[in-house]
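Take a look at the structure set out below.
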Amino acid sequence: MKTYHHIDSLRETLNRERAAGKRIGFVPTMGNLHDAHLELVKLARETNDIVVCSIFVNGLQFGLNEDWDKYPRTLMEDSQKLQGVGCDYLFNPDDNEMYPNGLDTQSRVICPTMTDVLCGASRPGHFEGVTTVVTKLFNIVQPHEAVFGIKDFQQLAVIRRMVEDLCMGIQITAAPIHREIDGLAMSSRNGFITEEERPKVSQLNKSLNWVKDHIEAGRRDFGDLGDEARQQIEDAGFRVDYFSVCNSKTLAPAADDDRNITILGAMFTAGARLIDNVSTNLTEGE
Ligand code: PAF
2 MKTYHHIDSL RETLNRERAA GKRIGFVPTM GNLHDAHLEL VKLARETNDI VVCSIFVNGL
62 QFGLNEDWDK YPRTLMEDSQ KLQGVGCDYL FNPDDNEMYP NGLDTQSRVI CPTMTDVLCG
122 ASRPGHFEGV TTVVTKLFNI VQPHEAVFGI KDFQQLAVIR RMVEDLCMGI QITAAPIHRE
182 IDGLAMSSRN GFITEEERPK VSQLNKSLNW VKDHIEAGRR DFGDLGDEAR QQIEDAGFRV
242 DYFSVCNSKT LAPAADDDRN ITILGAMFTA GARLIDNVST NLTEGE
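Residue numbers for the sequence shown follow the numbering used here, so the first one is 2 and each next one is one higher.
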């Protein structure tokens with residue numbers, strides 16, 4: 002695997018690969034890689050000739066009181082892991098390479114409405130930072146396909162919408178959530194869960210599935226289901242940030258006749274904010 006820190010040199014290499022007819026798959030990350038990230042790379046590997054991964058801790062998507070400076074930077078370990086799963090090129094720019102004019106005057110990409118709800122409601126500006134950096138990375142790498150994890154469902158939905166709205170012509174592939182045995186979705190933030198909390202944190206996933214089962218059994222009182230699920234999570238000892246039954250494409254609150262429904266939740270542990278989601282595709286009559 003070859004590592005690039007500069008846009009120009011990566012572009013030169015990828016232009017050559019493209020000219021040779023190679024299909025390019027791309028996995029953007031912020032590093033501190035765990036198995037779920039490696040699954041994204043493996044998925045990109047299956048359908049592309051070349052796999053590019055980026056590691057960039059994007060200041061633009063962190064709020065003022067969020068932990069940008071504390072975000073773990075583990076480049077050596079990450080590089081070894083990426084090599085192990087057959088990544089061809091790693092792009093690891095610094096802040097100056099990505100934002101040479103600084104953050105304040107950086108042109109932005111805005112995807113309205115979908116970014117104001119759920120995670121966007123408690124993290125103002127976060128998705129604008131994501132859509133902006135992803136657009137820049139797409140412009141640099143110019144991939145045929147990019148792979149994102151379903152765990153960050155809102156991010157995935159927003160990126161799909163941005164790609165559609167801005168005619169980017171990039172195939173967006175969704176990688177399934179990688180889970181621990183008890184259902185906890187894998188995340189870099191799981192390292193902040195205390196030993197005492199660990200046996201109880203899978204309640205978020207249990208409550209999401211509980212709601213999904215009831216919807217599949219015919220219930221459409223989404224508000225009441227959400228309230229019951231919130232109570233279950235609070236009874237397990239966690240503060241709920243949001244719990245919502247949504248239309249999978251628009252992320253608007255689900256309507257009775259919606260067929261593709263995603264249930265999304267976020268809760269706070271002592272040291273982390275955990276998110277998770279489950280989806281259901283109802284067939285006619287369900
Ligand atoms: O999901 C992430 O790790 C980040 O939001 C992304 C897509 C790499 C943009 O910085």
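By construction, the Cβ of each residue, glycine as well, lies at the ideal position given by its N, Cα and C atoms.
With 16 as the cutoff for other CB atoms within 10 Å, does residue 288 come out buried or exposed? A question about residue 288 goes unanswered here, because the residues of the chain that appear run from 2 up to 287.
Entirely within the region 75 to 138 and at least 3 residues each: give me those beta strand (DSSP E) ranges in chain order. Whole beta strand (DSSP E) segments, 3+ residues: 90 to 92.
Would the beta-carbon of residue 15 fall within 8 Å of that of residue 8? No.
Would residue 130 pass as a contact of residue 59 if the rule is Cβ separation under 8 Å? The Cβ-Cβ distance between residue 130 and residue 59 falls below 8 Å.
Helix, strand or coil for residue 3, going by three-state DSSP, please let me know. Look at residue 3 here: in three-state DSSP terms it is strand.
Could you check if residue 168 is buried or exposed, using at least 16 other CB atoms within 10 Å of its CB as the buried criterion? For residue 168, the number of other beta carbons within 10 angstroms of its own is below 16, and it is reported as exposed.
Ranges of the beta strand (DSSP E) found wholly within the region 154 to 223, counting only runs of at least 3: The region 154 to 223 contains these whole beta strand (DSSP E) runs: 172 to 176.
Check whether the region 77 to 97 touches the region 42 to 50, taking contact to mean three or more Cβ pairs, one atom from each stretch, closer than 8 Å. Output reads yes: the region 42 to 50 touches the region 77 to 97.
Listed by chain order, which residues have C-beta atoms less than 6 Å from any heavy atom of ligand 1? Near ligand 1, meaning a Cβ closer than 6 Å to any of its heavy atoms, lie the following residues in chain order: 29, 30, 31, 59, 62, 131, 134, 135, 153 and 156.
Spell out the partners DSSP gives residue 26 in its beta bridges. Beta-bridge partners of residue 26 (DSSP): 52 and 146.
Kindly give me the distance between the Cβ atoms of residue 22 and residue 75, rounded to whole angstroms, as I take these residues to be in contact under 8 Å. Contact between residue 22 and residue 75 does not hold, since their C-beta atoms are separated by about 35 Å, which reaches or exceeds 8 Å.
When DSSP labels each residue in this structure, what does residue 60 get in the three-state scheme? The answer is helix: DSSP assigns residue 60 an H, G or I state.
Is residue 44 helix, strand or coil when you go by DSSP? DSSP places residue 44 within a helical segment (H, G or I) once states are collapsed to three.
Hey, would you say residue 226 sits closer than 8 Å to residue 246, going by beta carbons? Against a cut-off of 8 Å, the Cβ pair of residue 246 and residue 226 comes out as a contact.
If you run the structure through DSSP and keep just helix, strand and coil, what is residue 140? Helix.
Nearest-angstrom Cα separation, counted from residue 251 out to residue 118: Spanning the two alpha carbons is a distance of roughly 11 Å.
Continuous alpha helix (DSSP H) stretch holding residue 12: start and end: DSSP places residue 12 inside the alpha helix (DSSP H), whose first and last residues are 8 to 20.
Check whether residue 278 and residue 185 have beta carbons under 8 Å apart: Result no, Cβ atoms of residue 278 and residue 185 do not sit closer than 8 Å.
To the nearest angstrom, how far is the alpha carbon of residue 52 from that of residue 17? Taking the straight line from one Cα to the other gives about 14 Å.
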